[in-house]
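First comes the structure, then the notes that go with it.
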Amino acid sequence: MKLFVAPLQGYTDAPFRHFHNLVFGGADGYFSPFLRVEKGEPARRTMRDILSPLPPPPGFVPQVIFKDAGEFAMLAETLKSAGFRRIDLNMGCPFPPQVRKGRGAGFLLRPAELGKVAEYVAADSETEYSVKMRLGVDDPGDWKPLAGILRGMPLAHVTIHPRTAREQYRGELHLDGFEELAGALGKPVVFNGEVLSPDDIARAGARWPWLHGVMAGRGLLARPSLFAEWRGGEEWNPARRLEGVVRLHALLLDHYRPLLCGDAQLLARMKSFWEYSELPHRQVKRIAKARSMADYEEAVRGVSV
Ligand SMILES: Cc1cc2nc3c(=O)[nH]c(=O)nc-3n(C[C@H](O)[C@H](O)[C@H](O)COP(=O)(O)O)c2cc1C
Numbered sequence: 161m162k163l164f165v166a167p168l169q170g171y172t173d174a175p176f177r178h179f180h181n182l183v184f185g186g187a188d189g190y191f192s193p194f195l196r197v198e199k200g201e202p203a204r205r206t207m208r209d210i211l212s213p214l215p216p217p218p219g220f221v222p223q224v225i226f227k228d229a230g231e232f233a234m235l236a237e238t239l240k241s242a243g244f245r246r247i248d249l250n251m252g253c254p255f256p257p258q259v260r261k262g263r264g265a266g267f268l269l270r271p272a273e274l275g276k277v278a279e280y281v282a283a284d285s286e287t288e289y290s291v292k293m294r295l296g297v298d299d300p301g302d303w304k305p306l307a308g309i310l311r312g313m314p315l316a317h318v319t320i321h322p323r324t325a326r327e328q329y330r331g332e333l334h335l336d337g338f339e340e341l342a343g344a345l346g347k348p349v350v351f352n353g354e355v356l357s358p359d360d361i362a363r364a365g366a367r368w369p370w371l372h373g374v375m376a377g378r379g380l381l382a383r384p385s386l387f388a389e390w391r392g393g394e395e396w397n398p399a400r401r402l403e404g405v406v407r408l409h410a411l412l413l414d415h416y417r418p419l420l421c422g423d424a425q426l427l428a429r430m431k432s433f434w435e436y437s438e439l440p441h442r443q444v445k446r447i448a449k450a451r452s453m454a455d456y457e458e459a460v461r462g463v464s465v
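Here it is in structure tokens:
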């Protein structure tokens, strides 16, 4: 079963991808947070991240978000000109301003535009495409009019986060809806949602023996060793897991220190990596409350399991 690191805007950018792979390894692929059209061109900041001088980990795939076939083509052309041969299509972002414009999960309601994107994809045999999607916007059956089009597309895989956009990232996963969509696609399918432990990976594999892979986002921020543990066939104890987290965050700090101007930016950046931590709440709160880098470093020195 393939193991993929989910894109998380604001977290899994190039330094995280690079250093996560260096410290833990274990993933088959990393997806960039979405690239979108901003002021008529591919967002410069995201392009800088995608083209970061830090060597990308093996299996790195940039992701695009788009409201129509024109935006999609512009982003795909840009990435192909930069040398990429794999592109992931975001059809799942639940952020209301994007959804309202027809991007992310909003694209699920645009079968005619998906048809045009499918024509572009079919005409480009040099690039490998994949899709990351939800079940719907308000209704977990919104995907139904798209299934035939997706089925006809030459996709490497489809990642499904079985929630609606309205449900954002919380609440019960629609596992029946996941199975129904997976069956209708007839493609390699990746399960994404609340994969937090090696047991969760095992459960997904046992429940769906046909699964192509799992993708983890927040679970991997909390437990960056998750895939390494699964690969190694045994769980790491909390102390060993924390040792890895501290090492990863120290590398990120060394990387960002000369790049971000001033303590405030550096502090905000570094604090964010602890937001999903599996540490006791009291310790995370202490890091979150740090007002200076000295406070931050002292709080990090104090973490323990
Ligand atoms: C802060 C945040 C940012 C995200 N950014 C993206 C993104 O850029 N592209 C995308 O496809 N999904 C994005 N997602 C969704 C995740 O990739 C993933 O589908 C979701 O978190 C569910 O998986 P998890 O339960 O393993 O976290 C984001 C989620 C969060 C919480």
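Take 161 as the starting number for the sequence shown in the numbering used here and just add one per residue.
Ideal placement from N, C-alpha and C gives every residue a C-beta, glycine not left out.
Whole angstroms is fine: what's the gap from residue i's alpha carbon to residue j's?
i                 : j              : result
arginine 378      : histidine 441  : 16 Å
tryptophan 370    : asparagine 352 : 15 Å
leucine 333       : leucine 295    : 10 Å
tyrosine 280      : alanine 233    : 8 Å
glutamate 201     : methionine 207 : 10 Å
proline 175       : serine 290     : 23 Å
phenylalanine 220 : serine 192     : 8 Å
histidine 372     : leucine 341    : 14 Å
leucine 211       : lysine 449     : 33 Å
asparagine 250    : proline 222    : 10 Å
alanine 307       : glycine 266    : 15 Å
glutamate 458     : isoleucine 309 : 54 Å
tryptophan 492    : alanine 283    : This structure leaves residue 492 out entirely; the chain is present only between 161 and 465.
aspartate 455     : leucine 426    : 13 Å
glycine 252       : valine 297     : 9 Å
isoleucine 361    : leucine 380    : 12 Å
alanine 203       : glycine 343    : 35 Å
tyrosine 473      : alanine 428    : With the chain covering 161 to 465 only, the question about residue 473 has no answer from this structure.
methionine 313    : glutamate 394  : 38 Å
Does the Cβ-Cβ distance between residue i and residue j come in under 9 Å?
i                 : j              : result
threonine 324     : methionine 293 : no
valine 460        : isoleucine 447 : yes
phenylalanine 262 : glutamate 273  : What sits at residue 262 in the sequence shown is glycine, not phenylalanine. Yes, the Cβ-Cβ distance between glycine 262 and glutamate 273 is below 9 Å.
aspartate 302     : leucine 335    : no
proline 213       : tyrosine 190   : no
glutamate 327     : proline 254    : yes
arginine 196      : glutamate 231  : yes
phenylalanine 184 : proline 384    : yes
aspartate 248     : proline 167    : yes
glutamate 286     : lysine 240     : yes
tyrosine 436      : alanine 382    : yes
glycine 186       : alanine 388    : yes
lysine 162        : alanine 229    : no
arginine 386      : leucine 356    : Correcting the residue identity first, residue 386 is leucine in this sequence and not arginine. Against a cut-off of 9 Å, the Cβ pair of leucine 356 and leucine 386 comes out as a contact.
leucine 412       : methionine 430 : yes
arginine 400      : glutamate 438  : no
Using DSSP with H/G/I as helix, E/B as strand and the rest coil, what is residue i?
i                 : result
phenylalanine 226 : coil
proline 418       : coil
lysine 261        : coil
threonine 172     : coil
aspartate 248     : strand
valine 406        : helix
alanine 316       : strand
alanine 471       : In the structure as shown, the chain begins at 161 and stops at 465. Residue 471 is therefore absent and cannot be evaluated.
glycine 373       : strand
serine 432        : helix
serine 290        : strand
asparagine 181    : helix
phenylalanine 194 : coil
arginine 323      : strand
Can you find a CB in chain C that lies within less than 9 Å of the CB of residue i?
i          : result
valine 350 : Although the question refers to chain C, the structure presented lacks it and comprises just one protein chain.
Next item on the list: Just jot down, in chain order, the residues whose CB lies closer than 6 Å to any heavy atom of ligand 1.
Entry: Taken from the N-terminal end onward, the list reads Ala166, Pro167, Leu168, Gln169, Gly170, Pro193, Phe194, Gln223, Asn250, Gly252, Cys253, Lys292, His321, Tyr329, Asn352, Gly353, Glu354, Val355, Ala376, Gly377, Arg378 and Gly379.
Next item on the list: Spell out a yes or no on whether the region 394-408 and the region 177-193 are touching, meaning 3 or more CB-CB pairs, one atom from each, closer than 8 Å.
Entry: Three or more beta-carbon pairs separated by less than 8 Å link the region 394-408 to the region 177-193, which places the two stretches in contact.
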